[in-house]
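In this note's numbering, the protein residues as written are 36 to 400.
For every residue, glycine included, the Cβ atom is placed at its ideal position computed from N, Cα and C.
Only one structure is covered here, and it is reproduced in the block below.
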Amino acid sequence: MTKSGAVLGTPGRGSVCRVTAPSSASVVGSDPLGSVAAIPGVDEAATAARAGVDALLRHRILRRRSAEVTAEASLRAARASAALEGHDVPLDVLRTHLGDHELTLDADADAGAAAPAGLADGHVSGPADVTDSRSLAVTLGAVRLYAELGTLSSAWERAPRQALARMHVLAGRGLLPDEALGRPRVDVQGPGAAVGTAGLAGPWGEPTVSAMEMSVRLDGLTAVLTAPTRAPAIVVAAIIHGELLAIRPFGVLDGIIARAAARLVLISRGLDPKALVATDVGHLELAHGSAAAALGGAGAPSTPSAAGAGTGTGTADPEETYSAALAAYVAGGADGVGAWVRHCARAVGLAARESLAVCEALSRA
């Protein structure tokens, strides 16, 4: 790995690790994801996160009420993902706008296969003036996407680009014009600037990767995704997450798509087959430095300044740790990539503990 060059595909700015082979076939043969798993500290972090997920999967309540835990995890993850984009809608407000409909699953779906009643067609019940309408619309789009993830597993395994396009359609319905849904950007700004959807690009600013480079790297990412790898699911999910945020394929709603794709990797590769882990809640807790408060003191950042990395203080701004970890990934090199993957593994562990708390609450109900 070097500090310049693309993680998958051709060298360029905003990249992670250089793949020296010139063709997709050579890239696949080199198992770059397996190389990431070999970075010091990555395997240990992934193993620790896996242990947390396994502890969750053993909870007795899941024998009869796993669908309820999946529904709650999907709702919380979607809300947290939107919050990481700057659209922070309180959970109780979101429930009100969903009309208190439960996110129930179709019996034949592995996970997250059914949207809440009324949400699939874009209609939402509840008061219209409780919160910012744009933030609410983005959050509801994330809820719709996360509720449908289970139906995308087979498409994701055989045709990731098509699955990504479908994700963008689900998240962007009602926010973007139909002609912009599911279509990769053809310029730096993406469709948002042209159609008056300012504020949907998230906190990341304008894409720094050209549309041409983005397309090449997306092809490389697809090739690697459909090839065998020895890397654990957590590593694969972290790289998909980071690379999609680095290349910004759509120009708008990319953060929500990237996190949904990472969640889908954990589902489809068997780490979290019933979508019980609200990984984005873990990212948000780390960003706010509130892991200790949320988990009764356990799972807090290991040093006082960890949550506030980049601020010069021990107090974390929203998204700070998440943003710092992502910046390390984009900067490239083994250290940056390793820091990002370890951050993602830590978020999975925190989220598993949150879902475990949901299980305990259901047990006491």
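| query | Between P242 and V393, what straight-line distance do the alpha-carbon atoms span, to the nearest angstrom? | reply | On the sequence shown, residue 242 is found 207 positions in, with the first residue counted as 1. On the sequence shown, residue 393 is found 358 positions in, with the first residue counted as 1. Taking the straight line from one Cα to the other gives about 37 Å.
| Considering only C-alpha positions, which residue in the set A266, S168, P219 is nearest to A73? | Translated into the one-based positions of the sequence shown, residue 73 becomes position 38. Closest by alpha carbon: A266.
| said: Taking 6 Å as the limit between beta carbons, can you name the residues of its chain near H378, skipping five residues before and five after? | reply: Walking along the sequence shown from the start, residue 378 turns up at place 343. Within the same chain, H378 has close Cβ partners A360.
| query | Would A387 pass as a contact of V88 if the rule is Cβ separation under 7 Å? | reply | Mapped onto the sequence shown, residue 387 falls at position 352. Mapped onto the sequence shown, residue 88 falls at position 53. Yes.
| query | Are there 16 or more other CB atoms within 10 angstroms of the CB of P162, so buried, or fewer, so exposed? | reply | Against the sequence shown, residue 162 aligns to sequence position 127. Model confidence at P162 stands at a pLDDT of 39, short of 50, so the residue's coordinates are unreliable; what they give is reported in the following sentence. So P162 ends up on the exposed side.
| Among all the DSSP beta bridges, which residues are the ones paired with L211? | Within the sequence shown, residue 211 is the residue found at index 176, counting from 1. The partner list for L211 (beta bridge, DSSP) reads R208.
| message | Here's a check: name, in chain order, each residue in its chain whose Cβ is nearer than 7 Å to the Cβ of L319, leaving out the five neighbours to either side. | response | The residue given as residue 319 occupies position 284 in the sequence shown. Result list for L319: A115, A118, L119, in chain order.
| query | In terms of residue numbering, what span does the alpha helix (DSSP H) encompassing G373 cover? | reply | Sequence index remark: in the sequence shown, residue 373 carries index 338 (1-based). Unbroken alpha helix (DSSP H) run through G373: 368-399.
| message | Contact between the segment 68-87 and the segment 282-299 is defined here as three or more beta-carbon pairs at a separation below 8 Å; is this criterion met? | response | no
| request: Mark S303 as exposed unless 16 or more other C-beta atoms lie within 10 angstroms of its C-beta, in which case mark it buried. | output: Taking the sequence shown and counting its residues from 1, one reaches residue 303 at position 268. S303 should be labelled buried.
| task | Could you tell me the distance, in whole angstroms, from the CA atom of P219 to the CA atom of V316? | result | On the sequence shown, residue 219 is found 184 positions in, with the first residue counted as 1. On the sequence shown, residue 316 is found 281 positions in, with the first residue counted as 1. Taking the straight line joining both Cα atoms gives about 27 Å.
| message | Is the separation between the beta-carbon of G277 and that of Y357 shorter than 7 Å? | response | Taking the first residue of the sequence shown as 1, we reach residue 277 at position 242. Taking the first residue of the sequence shown as 1, we reach residue 357 at position 322. Taking 7 Å as the Cβ cut-off, G277 and Y357 do not qualify as a contacting pair.
| Alpha-carbon spacing of E248 relative to R95, whole angstroms | On the sequence shown, residue 248 is found 213 positions in, with the first residue counted as 1. On the sequence shown, residue 95 is found 60 positions in, with the first residue counted as 1. For E248 and R95, the distance between alpha carbons rounds to 48 Å.
| request: Taking V270 as the reference, give the member of G255, V244, L306, S245 with the closest Cα. | output: Walking along the sequence shown from the start, residue 270 turns up at place 235. Nearest option by C-alpha distance: L306.
| Assumed close pair L299, L184 - CB separation to whole angstroms, cut-off 8 Å | The sequence position of residue 299 within the sequence shown is 264, counting from 1. The sequence position of residue 184 within the sequence shown is 149, counting from 1. Their Cβ separation, rounded to whole angstroms, is 5 Å, which keeps L299 and L184 in contact under 8 Å.
| Chain-order list of residues whose beta-carbon lies under 6 Å from that of L205 (same chain, five-residue window excluded) | For the purposes of this step, residue 205 is taken as the residue at position 170 of the sequence shown. So the list reads R179, L180, E183, once near-sequence residues are dropped.
| request: Return the first residue and the last residue of the alpha helix (DSSP H) that S303 is part of. | output: Reading the sequence shown from its first residue, position 268 is the one you call residue 303. Unbroken alpha helix (DSSP H) run through S303: 289-303.
| query | Three-state secondary structure (DSSP) at I282? | reply | By one-based count along the sequence shown, residue 282 stands at place 247. Three-state DSSP puts I282 in a helix.
| request: Measure from the alpha carbon of D213 to the alpha carbon of each residue in H122, H203, G367, then state which is nearest. | output: To locate residue 213, count along the sequence shown from 1; it is residue 178. Measuring from the Cα of D213, the nearest candidate turns out to be H203.
| query | What's the gap between the Cα of P195 and the Cα of A297? | reply | Walking along the sequence shown from the start, residue 195 turns up at place 160. Walking along the sequence shown from the start, residue 297 turns up at place 262. Their backbone Cα atoms lie some 12 Å apart in a straight line.
| request: State the DSSP-derived secondary structure class of G176, mapped to helix, strand or coil. | output: For the purposes of this step, residue 176 is taken as the residue at position 141 of the sequence shown. DSSP places G176 in helix when its eight states are reduced to three.
| message | Taking the straight line between their C-alpha atoms, what separation do you get for D66 and T264? | response | The sequence position of residue 66 within the sequence shown is 31, counting from 1. The sequence position of residue 264 within the sequence shown is 229, counting from 1. Straight-line Cα distance between these residues: approximately 6 Å.
| field | Beta-carbon separation (whole angstroms), V71 vs I274, contact threshold 8 Å | value | Counting from 1 along the sequence shown, the entry for residue 71 is found at position 36. Counting from 1 along the sequence shown, the entry for residue 274 is found at position 239. With a Cβ gap of about 6 Å, V71 and I274 count as contacting.
| task | Kindly indicate which residue of L199, T186, V251, V173 has the alpha-carbon position closest to the one of L211. | result | Here residue 211 refers to the residue found at position 176 of the sequence shown. Among L199, T186, V251, V173, the Cα nearest to that of L211 is on V173.
| Other residues of its chain near I282: CB distance less than 6 Å, five sequence neighbours each side excluded | As a working note, residue 282 is residue 247 in the sequence shown. So the list reads V244, M249, R252, once near-sequence residues are dropped.
| request: For R294, count neighbouring Cβ atoms within 10 angstroms of its own Cβ and tell me buried if that reaches 16, exposed if not. | output: By 1-based counting over the sequence shown, the position of residue 294 is 259. Burial call: buried.
| Boundaries (first-last residue) of the alpha helix (DSSP H) holding A102 | Taking the sequence shown and counting its residues from 1, the one referred to as residue 102 is at position 67. Here the alpha helix (DSSP H) through A102 covers 97-119.
| Since G87 is in the alpha helix (DSSP H), which residue starts that stretch and which ends it? | Looking up residue 87 in the sequence shown gives position 52. Taken as a continuous stretch (DSSP letters only), the alpha helix (DSSP H) holding G87 covers 77-92.
| field | Cβ distance (whole Å) where G110 is taken to contact V104 below 8 Å | value | Translated into the one-based positions of the sequence shown, residue 110 becomes position 75. Translated into the one-based positions of the sequence shown, residue 104 becomes position 69. Here residue 110 is Leu; the residue named in the question, Gly, does not match the sequence. Not quite, the Cβ-Cβ distance comes to about 11 Å (not below 8 Å), so this is no contact.
| Boundaries (first-last residue) of the alpha helix (DSSP H) holding H122 | One-based indexing of the sequence shown puts residue 122 at position 87. Here H122 belongs to no alpha helix (DSSP H), and DSSP marks it neither H nor E.
| field | G76 classed as buried or exposed, judged by whether at least 16 other C-beta atoms fall within 10 angstroms | value | Locating residue 76 in the sequence shown gives position 41, counting from the first residue. Per the 10 Å Cβ criterion, exposed.
| field | C-alpha distance - S189 paired with A177, whole-angstrom precision | value | Residue mapping note: residue 189 aligns to position 154 of the sequence shown, counting from 1. Residue mapping note: residue 177 aligns to position 142 of the sequence shown, counting from 1. In a straight line, the C-alpha of S189 is about 20 Å away from that of A177.
| query | Ends of the alpha helix (DSSP H) at D315? | reply | Here residue 315 refers to the residue found at position 280 of the sequence shown. Note, D315: alpha helix (DSSP H), 314-323.
| query | According to the neighbour-count rule (16 or more other Cβ atoms, all chains shown, within 10 Å of its Cβ), is R93 buried or exposed? | reply | For this step, residue 93 is matched to residue 58 along the sequence shown. By the 10 Å Cβ count, R93 comes out exposed.
| query | By the 10 Å Cβ neighbour count, where 16 or more other Cβ atoms means buried, how is V207 classified, buried or exposed? | reply | In the sequence shown, residue 207 corresponds to position 172, counting from 1. For the record, residue 207 in the displayed sequence is Gly; it is not Val. Counting Cβ neighbours within 10 Å, G207 comes out buried, since at least 16 surround it.
| request: May I ask which residues mark the beginning and end of the alpha helix (DSSP H) holding S188? | output: Counting from one through the sequence shown, the residue named residue 188 turns up at place 153. That run of the alpha helix (DSSP H) goes 188-193.
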